[in-house]
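In the UniProt record's numbering, the protein residues as written are 1 to 302.
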């Protein structure tokens, strides 16, 4: 029997995502045995600092990638939005499974139903500049409070830190079976999601054809195209977690419609543009939109 070791972070959400991937793979490959290996990353170990203070994208992946290169594990499961724009030599993505809801959501304290319900000066928790500056663009009166931690920890902070609400990814809440706690789903034109939000990244060794074929049994073509366009934008702007940056791709007929967001660290510059292009070349569309956005960013008048 073929045995496959799957590496993941140890958070409740990471394990839920990994077990979901294994269940999907088992369904199509019942002859394969899977083992989960939990790996601690720098992002897990340093909890007292905001993400942009301790490094760049890749905080939750480097240690896992090292074990993949060292052949300690055969597959790594990550949230695609945590992945840097380039992968280490010797590693690549296998097929991407079907994406969960890519939107951001509000979890509000009792009595509030949506973003327009919130009183002036309401306190909203998020550790993301992308979320912070889009919130402030829509509601400049809000007070944005930095928070970190897993889903449960963040929700608990509504009580502990007397917040009116927090922003999280819909995908995490849905995968964790906590949809009843979602108060409000942000429309993507109000809050452009992070590139590839809601999609899972399955990373493998470059020349491991047996594992690649195994993972590709759960590949979803629609997700693959949308994620490629959004990551094309990420590559084009060379995005980091220090600046607000987002991308969202829709398929309209045989065309792609891609929206990109890019700003500066202080949020005083924020550019959002949309571009349509061929479904055949999603990465090129992402890079082209990135160039347009960066050009407008350079000439930004506010």
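By construction, the Cβ of each residue, glycine as well, lies at the ideal position given by its N, Cα and C atoms. In this text, all values refer to a predicted model and were calculated from it rather than measured experimentally.
**Study point:** Rounded straight-line distance, which links the Cα of residue 244 to that of residue 216
**Key:** 32 Å
Check your understanding: In the DSSP assignment, what residue or residues form a beta bridge with residue 248?
Key -> 259
Review point. Which residues in the same chain have their Cβ closer than 6 Å to the Cβ of residue 83, if we skip the five residues on either side of it in sequence?
Key: 201
Check your understanding: Name the DSSP bridge partner or partners of residue 217?
Key -> Its beta-bridge partners do not exist; DSSP assigns none.
Review point. Which first and last residues belong to the alpha helix (DSSP H) in which residue 26 is found?
Key: 12-28
Exercise for review: Pick helix, strand or coil for residue 186, following the three-state DSSP scheme.
Suggested key: The three-state secondary structure of residue 186, taken from DSSP, is coil.
Exercise for review: Using a threshold of 8 Å, state whether the C-beta atoms of residue 39 and residue 17 are closer than that.
Suggested key: no
Point to revise | First through last residue of the alpha helix (DSSP H) which encompasses residue 153 | key: DSSP places residue 153 in the uninterrupted alpha helix (DSSP H) bounded by 151-160.
Point to revise | Distance between residue 180 and residue 190 (C-alpha atoms, nearest Å) | key: 22 Å
Point to revise | Those runs of the alpha helix (DSSP H) which lie wholly inside the segment 87-152 and span at least 4 residues | key: 129-138
Exercise for review: With residue 176 as the anchor, note down where its beta strand (DSSP E) starts and where it stops.
Suggested key: Where residue 176 is concerned, there is no enclosing beta strand (DSSP E), given that its DSSP letter is neither H nor E.
Review point. So what's residue 60 in DSSP terms, helix, strand or just coil?
Key: coil
Review point. Residue range of the beta strand (DSSP E) that residue 272 falls in?
Key: 270-278
**Study point:** Per DSSP, the bridge partner or partners of residue 78
**Key:** 201
Review point. Is it the case that the Cβ atoms of residue 106 and residue 177 are separated by a distance below 8 Å?
Key: no
Review point. Would you report the Cα separation of residue 115 and residue 130, rounded to the nearest angstrom?
Key: 17 Å
Review point. Do the segment 108-125 and the segment 225-237 meet, that is, are 3 or more Cβ pairs less than 8 Å apart?
Key: no
Point to revise | Member of 242, 276, 284 whose CA lies at the smallest distance from the CA of residue 262 | key: 242
Point to revise | Alpha carbon of residue 90 to alpha carbon of residue 69, nearest angstrom | key: 7 Å
Practice item. Within its chain, find whatever has a CB closer than 8 Å to the CB of residue 192; leave out the 5 residues flanking it on each side and keep chain order. Key: Taken in chain order, the residues that qualify are 130, 134, 246, 247, 248, 259, 260, 261, 272.
Review point. Under 8 Å between the Cβ atoms of residue 169 and residue 104?
Key: yes
Review point. With DSSP run on the structure shown, which of helix, strand or coil describes residue 40?
Key: coil
Review point. What is the residue span of the alpha helix (DSSP H) that residue 166 lies within?
Key: Premise fails: residue 166 lies in the beta strand (DSSP E), 165-169, not in any alpha helix (DSSP H).
Check your understanding: Is it buried or exposed for residue 25, if we count other Cβ within 10 angstroms and need 16 for buried?
Key -> Burial of residue 25 is indicated by the presence of at least 16 other C-beta atoms within 10 angstroms of its C-beta.
Practice item. Say whether the segment 203-213 touches the segment 155-164, bearing in mind that this needs 3 or more beta-carbon pairs closer than 8 Å, one atom from each stretch. Key: no
Practice item. Name, in chain order, the residues that DSSP records as bridge partners for residue 233. Key: Its beta-bridge partners do not exist; DSSP assigns none.
**Study point:** Own chain residues within Cβ distance below 7 Å of residue 292, not counting five before or after
**Key:** 273, 275
Check your understanding: Thinking just about the alpha-carbon of each residue, which of 126, 121, 147, 151 is nearest to the one in residue 141?
Key -> 121
**Study point:** Through-space distance from residue 297 to residue 267, alpha-carbon basis
**Key:** 12 Å
Exercise for review: Indicate whether residue 145 and residue 125 have their beta-carbon atoms separated by less than 8 Å.
Suggested key: yes
Review point. Quick one: Cα of residue 30 to Cα of residue 228, how far?
Key: 30 Å
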